[in-house]
Structures are given as structure tokens and as C-alpha cells.
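Numbering (my numbering), first residue to last: -13 to 237.
The structure is reproduced here in C-alpha cells:
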């Protein structure tokens, strides 16, 4: 079918059948998935063609340098003195942790949306009201948002994503098995404080809460790590890696 020199990706794309017209449905950035074959195009992109403002790509979603720097500033705001005292290598590791956290969050948000999960706006409003109460005697919400380098709209979007991730993770850890004996022992060892053994009624009243405690513990100990690895293995991920001491040239 091909009589010329070895075909390049663009040559194959030009002659590919496109019955669903997906070629024009989305135009990928360099490094994104091919709209026809879904194969990563990163190896076909010249280094100079890759936008310098992008620090990671998770499937078709890019993490921009501005987003990364905002999240890094928020991380620093938790303990400015500690962050500023870090050496170049330690700071590079901290930057990697922040970026990895952003990638993990995006993976979970994408999975939640794939499963058609949503967050009612009333839940975001309720979280905002709670935050306003917390900071009512600490300079107000406006000052708190400024301290953490985030606008109100950014906070709302992050809260939506947080709630979406909570829903997704709950759907996973609530399926973790916890035997009746595990639940009973959890209740006796960590909850029941009386000298006499608990009655069936006492146990029945707390059974589901004890099961929930066990499921969360198993999720935190091992389940979430396996889940995140599963999501990462199923995704196309590219990530910029900071170089210690690169300073203002990063990324």
C-alpha cells in the first residue's frame, strides 16, 4: 500500500479513514494523543514546538506553568520559612511532589467524570459558608484566600474537584471487604470501653461505622496506592522534571 520511503505519522494520518470526523473534532497540542489512533504524538514533536508554559499532560489535559506555580505558592504558604530554607535539591524534590500531586488529582477527576459523577452546587456553597465561619475571626475569608494565593473562583473550582475525588474514592473503599469478625474485633478493641462484653444490640448499633473505619484504614494503607497506580497505568502522562539549581529557567 505504500511505495515511498518509510511513512511518517503525518503521512499515515493524511490517508487514514475518518468516518467519525474526529480529526477536526479536537486538535491535540504537541505531545497529546493522536485524534485518530489515540497513540501518543510526543515522539513526533520537536522540542521547540512543545509549549514552555506546559509542565505536564494527563491524557488530553495540560497542566500549565501558571497553574503549577500557583499550587507551589500555596504549598509554600503552609510554611514559608521551611520552604525557603530548602537547598536546591530538596526544593526540586518538593516541586516534583507538588506536580505529582496535581497529576494524581487530575487522574481522579478524569475518572470521576468518565463515570458521570457530579457535585451539586449546593455542596460547594455549604463548604464556602463553613469556610467563612472559620475565618470570620481571622481577618476574613478575603484575607485568607490572599494568603494562600487563590481567588474565590479558583477555590470553588478546587472544592468541586475535591468533592468529586471524595465521591470517587468513597465508591472504591466502600467496596473493600471487611469480615464480620474484623468488624467485631474493631468494635471491641477500639470502641467498647465497658468491662462486660458488648451485647448484640450494642454491636448492631455500631456495625456499619466500624466497617467504614476498617475500609478507610485498608484504603489508606494499601488500597489507594494500588488504585492510583491503576489509573496511571491506564493513562497517557508526560511530566516535566525540575533540575536542582536551575533557578528562574525552570521549567
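Yeah, the Cβ is synthetic: ideal placement off N, Cα and C, and Gly gets one too.
With DSSP as the reference, label residue 74 as helix, strand or coil. For the purposes of this step, residue 74 is identified with residue 88 of the chain shown, where counting begins at 1. Note: residue 74 maps to helix in three-state DSSP.
Below 8 Å, can you find three or more Cβ-Cβ pairs linking the segment 92 to 109 to the segment 137 to 149? yes
Quick one: grab the DSSP three-state call for residue 41. The residue labelled residue 41 in the question sits at position 55 within the chain shown. Residue 41 sits in a strand when the DSSP states are folded into three classes.
Based on Cα-Cα distance, which residue from 226, 52 and 164 lies nearest to residue 205? Here residue 205 corresponds to residue number 219 of the chain shown, with the count starting at 1. Comparing Cα positions, the closest option is 164.
Could you have a look at residue 224 and say whether DSSP puts it in helix, strand or coil? Taking the chain shown and counting its residues from 1, the one referred to as residue 224 is at position 238. In this structure, residue 224 counts as strand in the three-state DSSP scheme.
Suppose you measure from the CA of residue 112 to the CA of residue 119; what does that come to, to the nearest Å? Taking the chain shown and counting its residues from 1, one reaches residue 112 at position 126. Taking the chain shown and counting its residues from 1, one reaches residue 119 at position 133. When rounded, the distance between both Cα atoms is 11 Å.
Where residue 120 falls: helix, strand or coil (DSSP): In the chain shown, counting from the first residue as 1, residue 120 sits at position 134. Helix.
Evaluate contact between the segment 191 to 210 and the segment 151 to 165, counting only Cβ atoms and requiring at least three cross-stretch pairs below 8 Å. Contact between the segment 191 to 210 and the segment 151 to 165 is present: three or more C-beta pairs spanning the two stretches fall below 8 Å.
Determine the burial state of residue 262: buried for a count of at least 16 other Cβ atoms within 10 Å of its Cβ, exposed for fewer. Given that the chain is displayed from residue -13 to residue 237, the structure contains no residue 262 and the question cannot be resolved.
Which stretch, first to last residue, makes up the alpha helix (DSSP H) that contains residue 130? Taking the chain shown and counting its residues from 1, one reaches residue 130 at position 144. Residues 126 to 133.
Give the DSSP bridge partners of residue 50, in chain order. Residue mapping note: residue 50 aligns to position 64 of the chain shown, counting from 1. Residue 50 is bridged to 40.
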